[in-house]
Each structure stands twice: as C-alpha cells, then as structure tokens.
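**Q** The structure's right below; bear with me while I get my questions together.
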Amino acid sequence: MNYLEVNKDAWDSRTDTHIKSEFYDVESFKKGRSSLNPPELKLLGDVKGKSILHLQCHFGQDTLSLARMGANVTGVDLSSKAIEQANLLKESLGIDATFVESDVCQFDQINQKQFDIVFTSYGVLCWLSDLSAWANTVANSLKCGGKFHLVEFHSVNDLLSGYSYFPKSEPDIDEEGTYTENCDGTTSTMATWSHSISEVISALLAAGLKIEVFSESPYSPYNCFDGLEYIPGYGYQMLHKNQQVPLIYSISARKITDKLK
Ligand SMILES: C[S@@+](CC[C@H](N)C(=O)[O-])C[C@H]1O[C@@H](n2cnc3c(N)ncnc32)[C@H](O)[C@@H]1O
797 MNYLEVNKDA
807 WDSRTDTHIK
817 SEFYDVESFK
827 KGRSSLNPPE
837 LKLLGDVKGK
847 SILHLQCHFG
857 QDTLSLARMG
867 ANVTGVDLSS
877 KAIEQANLLK
887 ESLGIDATFV
897 ESDVCQFDQI
907 NQKQFDIVFT
917 SYGVLCWLSD
927 LSAWANTVAN
937 SLKCGGKFHL
947 VEFHSVNDLL
957 SGYSYFPKSE
967 PDIDEEGTYT
977 ENCDGTTSTM
987 ATWSHSISEV
997 ISALLAAGLK
1007 IEVFSESPYS
1017 PYNCFDGLEY
1027 IPGYGYQMLH
1037 KNQQVPLIYS
1047 ISARKITDKL
1057 K
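Here the sequence shown is numbered in this note's numbering, starting from 797 and rising by one per residue.
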C-alpha cells in the first residue's frame, strides 16, 4: 500500500467537507476572524515582517491568518485539493501568501529558502512515518537563529483512544469519517503513525535544534474528539477516572548552527 497516496486521497476528500463546515467557519474567516488560537499566538509572538514556513497548512486559514498579521508566509501541504482551496481563499481575500503542494518529509529536497520561523499545529505528526526526515525539513528550512513552533494534540489522548503511545514500525490503517460536524458518514482509508513525545523531542534534537519551550495543557481549543467538555475561558477538556487528560503540548526550538544537508 502506498501510504502517502492513501493519505493524500483521504485529505483531498476531507478538504471538500471541511470547507463547508461550521468547524472551520470560512464565512467568519473571510470577514476577518483569525483561525489562530492563544497557545500558538503566545509562542509565535509578533510575526510582522517575519518569513514563516507553515507545514501541513491544510486549506490555508492559519497561513492566511499569519499573513494578515504582517508575515510573509509559505504554506505546504500534501493534499492538492487543500492547496487548490488555499489558493482560492487567498485570491478571494487578496492576501499575499505562497502555497506549495508537497510531502513535508520531501519538501527539503525542493526547497532552497530559509525562513525566520517554521510553524505547524494540531493533528500533523500522526500522518508522518519518519520524524527524522520531518525534523530535517524543519531544521534545514530555518535560518540560523530561526525558531520552530509546534502545537500538537497530546499522544496520551491517542493512547486512551486505543492507539499505541510508542512508535511502531507499521502504521495503523483505519476507515474513518472526518472530525467536522458536517461529516455525512463518508469514510476514507487513512494511515497513521504513533509518535511518543520523547520521539518528537529526540528527532528535533538530532536535527540540531535547541529546545527552548516545552509545555502540556489539559485544554484544547478544538472540539474534535469524543468525550470533550467545554470549560468557559479555557477550552475543551477530557476527564479520565475523574482526572484531566493532557490534550495538547507545545514545543519551541531554535536553530543554533547550520548542519550540512
Ligand atoms: C489536521 S490537518 C492540519 C490542520 C491545521 N492545523 C489547519 O490549518 O487546519 C493535517 C494536514 O496535514 C496534511 N498532511 C498529511 N500528511 C502530510 C504529509 N506527508 N506532508 C504534508 N502534508 C500532509 C493533510 O493534507 C492536512 O491538510
């Protein structure tokens, strides 16, 4: 099975559903709403005038939100449908941004540019089989002194949902609908890989990045898992045996030296 093709087809099909969903709420986005949430805004800080590479940008709302904040942004995604829709959204809003269709793990082979910031968030790493290749894309895309920011769903939640916490050589293959409220029961085959937090951190360290921030939170900005409860002012939480489950984590890392490719 060609896992990359399987996931590309699945994300092409999901994109059509997501564009029309309340979850992504394109109408309010078009009127000026930012799709970025407090955890990533805190890590990113003032991005005005900065060059940003946004990995796994989906159909571009976060990318274009960063552009609205004054950054010069390039979004990368595997799904041709997502890139097509990102370009349409960009054109309809008259916002300047670049969108590239690529596997993030192979982006390094076609990219010549180095950025001030590399950013990626929420539901990204489980689609990648090889975190070393991913971390090398991150490191090689950064200028010396540049920063990488990741906000990701916590792997402990995957464990509680029946997936492995620790990496396995073979992916999990599932037939799944999507997480937006307008999912009509249509499913796609998807391949996902478990990544423990130590695997993520080790991959970034091995690529030569210096980890500067690591944090975990029981609150997610997204209502995209079963069993979540909204806590006003905080976000969505999940309880397991009456205790809060870690739902998201954040990492910021700096490129301190140029490694040869
Ligand atoms: C959950 S979405 C990311 C959501 C993102 N936070 C946003 O802006 O909505 C995951 C994205 O990863 C993309 N993706 C999956 N595998 C990929 C790969 N190998 N390389 C690049 N993008 C990939 C999918 O096409 C999808 O757009």
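Backbone N, C-alpha and C define an ideal beta-carbon position, used for all residues, glycine too.
Drop a sphere of 10 angstroms on the beta-carbon of L1035, count the other beta-carbons inside from all chains shown, and report buried for 16 or more, exposed for fewer.
**A** Within the sequence shown, numbered from 1, the residue matching residue 1035 stands at position 239. When all chains shown are included, L1035 counts as exposed.
**Q** Evaluate L1069 with the Cβ neighbour count: other Cβ atoms within 10 Å of its Cβ, from every protein chain shown; 16 or more gives buried, anything less gives exposed.
**A** Given that the chain is displayed from residue 797 to residue 1057, the structure contains no residue 1069 and the question cannot be resolved.
**Q** Could you tell me which of A935, D873 and R810 sits nearest to H945, measuring between CA atoms?
**A** On the sequence shown, residue 945 is found 149 positions in, with the first residue counted as 1. When only C-alpha atoms are compared, the closest one is A935.
**Q** Per DSSP, which residues does S1013 bridge with? Please list them.
**A** Counted from its first residue, the sequence shown places residue 1013 at position 217. In DSSP, S1013 forms a bridge with I1044.
**Q** Check the C-beta distance from A1002 over to A931 and give it rounded, since I have them as a contact under 8 Å.
**A** Within the sequence shown, numbered from 1, the residue matching residue 1002 stands at position 206. Within the sequence shown, numbered from 1, the residue matching residue 931 stands at position 135. At roughly 7 Å, the Cβ-Cβ gap stays under 8 Å, so A1002 and A931 are in contact.
**Q** Give me the Cα-Cα distance between G1004 and L851, rounded to the nearest whole angstrom.
**A** Position 208 of the sequence shown, counting from 1, holds the residue named residue 1004. Position 55 of the sequence shown, counting from 1, holds the residue named residue 851. The alpha-carbon atoms of G1004 and L851 are separated by roughly 19 Å.
**Q** From V822 to S830, what distance separates their C-alpha atoms?
**A** If you number the sequence shown from 1, residue 822 lands on position 26. If you number the sequence shown from 1, residue 830 lands on position 34. Taking the straight line from one Cα to the other gives about 10 Å.
**Q** Just to confirm, are I879 and L862 a CB contact at a threshold of 8 Å?
**A** Numbered from 1 along the sequence shown, position 83 holds the residue referred to as residue 879. Numbered from 1 along the sequence shown, position 66 holds the residue referred to as residue 862. No.
**Q** Pull up the CB-CB distance for P1014 and W989, whole angstroms please, since I reckon it's below 8 Å.
**A** Here residue 1014 refers to the residue found at position 218 of the sequence shown. Here residue 989 refers to the residue found at position 193 of the sequence shown. Their Cβ separation, rounded to whole angstroms, is 24 Å, which puts P1014 and W989 out of contact at 8 Å.
**Q** Taking R864 as the reference, which of Q1039, K886, F855 and C853 has the closest Cα?
**A** Against the sequence shown, residue 864 aligns to sequence position 68. Among Q1039, K886, F855 and C853, the Cα nearest to that of R864 is on K886.
**Q** Hey, how far is the Cα of M1102 from the Cα of N803?
**A** The question about residue 1102 has no answer, for the chain in this structure spans 797 to 1057.
**Q** Mind checking E836: buried by the 16 CB within 10 Å criterion, or exposed?
**A** Numbered from 1 along the sequence shown, position 40 holds the residue referred to as residue 836. Classification of E836: buried, given that the 10 Å Cβ count is 16 or more.
**Q** Which class does S984 belong to by DSSP, given the choice of helix, strand or coil?
**A** Within the sequence shown, numbered from 1, the residue matching residue 984 stands at position 188. Here S984 sits in strand by DSSP.
**Q** I need the straight-line Cα distance from D873 to F895, nearest angstrom please.
**A** Looking up residue 873 in the sequence shown gives position 77. Looking up residue 895 in the sequence shown gives position 99. Cα-Cα distance, rounded: 8 Å.
**Q** Exposed or buried, D1054, counting other C-beta atoms within 10 Å across all chains shown (16 or more means buried)?
**A** Mapped onto the sequence shown, residue 1054 falls at position 258. Exposed.
**Q** Which residues in the same chain as L884 place their Cβ atom closer than 8 Å to its Cβ, once the five residues preceding and following it in sequence are excluded?
**A** The residue you call residue 884 lines up with position 88 of the sequence shown. So no residue of the chain qualifies.
**Q** Give me the Cα-Cα distance between G856 and S957, rounded to the nearest whole angstrom.
**A** As a first step, residue 856 must be located in the sequence shown, where it is residue number 60. As a first step, residue 957 must be located in the sequence shown, where it is residue number 161. Rounded to the nearest angstrom, the two C-alpha atoms are 28 Å apart.
**Q** Kindly indicate which residue of Q910, F903 and T870 has the alpha-carbon position closest to the one of I891.
**A** Along the sequence shown, read from residue 1 onward, the residue named residue 891 stands at position 95. The residue with the shortest Cα to Cα distance from I891 is T870.
**Q** Look up H1036 in the DSSP assignment and give the residues it is bridged to.
**A** One-based indexing of the sequence shown puts residue 1036 at position 240. Q1039.
**Q** Residues bridged to D968 by DSSP?
**A** Here residue 968 corresponds to residue number 172 of the sequence shown, with the count starting at 1. Answer by DSSP bridge pairing, in chain order: T988.
**Q** Would S1016 and G1029 qualify as a contact pair, given that the criterion is a beta-carbon distance under 8 Å?
**A** Looking up residue 1016 in the sequence shown gives position 220. Looking up residue 1029 in the sequence shown gives position 233. Not a contact, by the Cβ cut-off of 8 Å.
**Q** Following a CB-centred definition, is W923 positioned closer than 7 Å to any heavy atom of ligand 2?
**A** The model depicted lacks ligand 2 and carries ligand 1 instead.
**Q** Please list the terminal residues of the continuous alpha helix (DSSP H) segment that includes C901.
**A** Sequence index remark: in the sequence shown, residue 901 carries index 105 (1-based). Looking at the DSSP string, the run of the alpha helix (DSSP H) that includes C901 is V900 to F903.
**Q** Report yes if the CB atom of I913 is closer than 8 Å to the CB atom of K943, and no otherwise.
**A** Walking along the sequence shown from the start, residue 913 turns up at place 117. Walking along the sequence shown from the start, residue 943 turns up at place 147. Their beta carbons are under 8 Å apart, which means I913 touches K943 by this criterion.
**Q** Determine, using beta carbons only, whether I993 and S951 come nearer to each other than 8 Å.
**A** As a first step, residue 993 must be located in the sequence shown, where it is residue number 197. As a first step, residue 951 must be located in the sequence shown, where it is residue number 155. Their beta carbons are under 8 Å apart, which means I993 touches S951 by this criterion.
**Q** Just how far apart, CA to CA, sit L839 and S1048?
**A** Residue 839 sits at position 43 when you count from the first residue of the sequence shown. Residue 1048 sits at position 252 when you count from the first residue of the sequence shown. Rounded to the nearest angstrom, the two C-alpha atoms are 7 Å apart.
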